[in-house]
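The working numbering applies: residue 53 is where the sequence shown begins, and numbers increase by one.
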Amino acid sequence: MAAALSIIGFTPSCESPTANFGDNRNRMILPYSFLHENGRWIVRETHFVNNPIVRDGLSGPPLHIHWQQNEFFQVEKGLLGLVRNGQRLAATKGSGTIEIPAGTRHRFWAHATSSEDLVFKVWAEPQDLDNSFDENFLRNFVGYQRDCRRANLKPSTFQLISHEL
């Protein structure tokens, strides 16, 4: 597993590539890790079914658009809910790779009917865009998390939410 985001010019030297949000004892929000597979950077997310936010179908980002990149999802375990241009979908491991074309309104979450944790990979292509939304978002988000770890501070919920805007 790669420990970096060199797609955006950020390569942590000895930091863990996995970030956990919330209280680990309750497995509250969202562990994710950055992987480098088949020449591309991928995020693997886990949405824990015992989390009330996950059970209520509220674990993913709000409706959004990537103007310059296609986004891809590949479920490893559980049930992923998707909205793509107003159409609701449910994806499992057997669904293969799901593509959201650039310019498509979409959102994703752990489907509320799932009885198991959701684990999936997500990535965007092309990955070599200068100053793309994804690059800026990841640079700010990961940088904030790194700064909090270094200062031994708990991340601010407000700051985490504002990175989604």
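Glycine included, every Cβ here is placed at the ideal spot set by N, Cα and C.
None of the values given here were measured: they were computed from a predicted structure.
Query raised in the report: Would Gln121 be called buried (16 or more neighbouring beta carbons within 10 Å of its own) or exposed?
Result: Position 69 of the sequence shown, counted from the first residue, corresponds to residue 121. Burial call: buried.
Query raised in the report: Of the residues Arg202, Thr156, Asn137 and Phe125, which one's Cα is nearest the Cα of Gly146?
Result: Counting from 1 along the sequence shown, the entry for residue 146 is found at position 94. Here the closest residue by C-alpha is Phe125.
**Report entry** Inside the region 103-173 only - beta strand (DSSP E) runs reaching at least 3 residues
**Finding:** Look at the region 103-173 and you find these whole runs of beta strand (DSSP E), each 3 residues long or longer: 122-129, 132-136, 139-143, 149-152 and 158-162.
Query raised in the report: Three or more beta-carbon pairs under 8 angstroms between the region 95-113 and the region 152-166, yes or no?
Result: Contact holds: three or more Cβ-Cβ distances are below 8 angstroms.
Query - Residues that DSSP places opposite Ala176 in a beta bridge - result: Reading the sequence shown from its first residue, position 124 is the one you call residue 176. BP columns for Ala176 point to Glu123.
Query raised in the report: Can you name, in chain order, every residue of its own chain whose Cβ lies under 8 angstroms from the Cβ of Thr144, other than the five neighbours on each side?
Result: By one-based count along the sequence shown, residue 144 stands at place 92. Only Val127, Gly130, Leu131 and Leu132 meet the Cβ criterion.
**Report entry** Counted within 10 angstroms of its Cβ, other Cβ atoms place Ile152 as buried (16 or more) or exposed
**Finding:** The residue labelled residue 152 in the question sits at position 100 within the sequence shown. Label assigned to Ile152: buried.
Requested in this report: Check each candidate in Gly91, Ile150, Val95 and Pro104 and name the one with the smallest Cα separation from Ser167.
Outcome: Counted from its first residue, the sequence shown places residue 167 at position 115. It is Pro104 whose Cα lies nearest to the Cα of Ser167.
Requested in this report: Excluding the 5 residues preceding and the 5 following Asn204 in the sequence, name in chain order all residues of the same chain whose CB lies nearer than 7 angstroms to its CB.
Outcome: Residue 204 sits at position 152 when you count from the first residue of the sequence shown. Nothing listed; no residue qualifies.
Query raised in the report: Do Phe86 and Asp169 come within 8 angstroms of each other at the CB atom, strictly closer than that value?
Result: One-based indexing of the sequence shown puts residue 169 at position 117. One-based indexing of the sequence shown puts residue 86 at position 34. No, they are not a contact pair.
Query raised in the report: By how many angstroms is the C-alpha of Pro207 removed from the C-alpha of Arg198?
Result: Taking the first residue of the sequence shown as position 1, residue 198 is located at position 146. Taking the first residue of the sequence shown as position 1, residue 207 is located at position 155. Each residue's alpha carbon lies about 10 angstroms from the other.
Requested in this report: Sort Tyr196, Lys173, Arg201 and Arg202 by Cα distance to Asn90 and report the nearest one.
Outcome: For the purposes of this step, residue 90 is identified with residue 38 of the sequence shown, where counting begins at 1. That would be Lys173, whose Cα lies nearest to the Cα of Asn90.
Query raised in the report: Closest by CA to Glu97, which one among Arg201, Asn137, Pro178 and Val171?
Result: Taking the sequence shown and counting its residues from 1, the one referred to as residue 97 is at position 45. Answer by Cα proximity: Val171.
Report task. Give the straight-line distance between the Cα atoms of Trp175 and Thr165, rounded to the nearest whole angstrom. Result -> Reading the sequence shown from its first residue, position 123 is the one you call residue 175. Reading the sequence shown from its first residue, position 113 is the one you call residue 165. About 25 angstroms.
Query - With 16 other Cβ atoms within 10 Å as the buried cut-off, status of Trp119 - result: As a first step, residue 119 must be located in the sequence shown, where it is residue number 67. The Cβ neighbour count for Trp119, taken over all protein chains shown within 10 Å, is under 16; the residue is labelled exposed.
Query - Reference Glu123, options Trp93, Arg202, Pro83 and Tyr196, closest by Cα - result: The residue you call residue 123 lines up with position 71 of the sequence shown. Checking every option, the nearest Cα to that of Glu123 belongs to Trp93.
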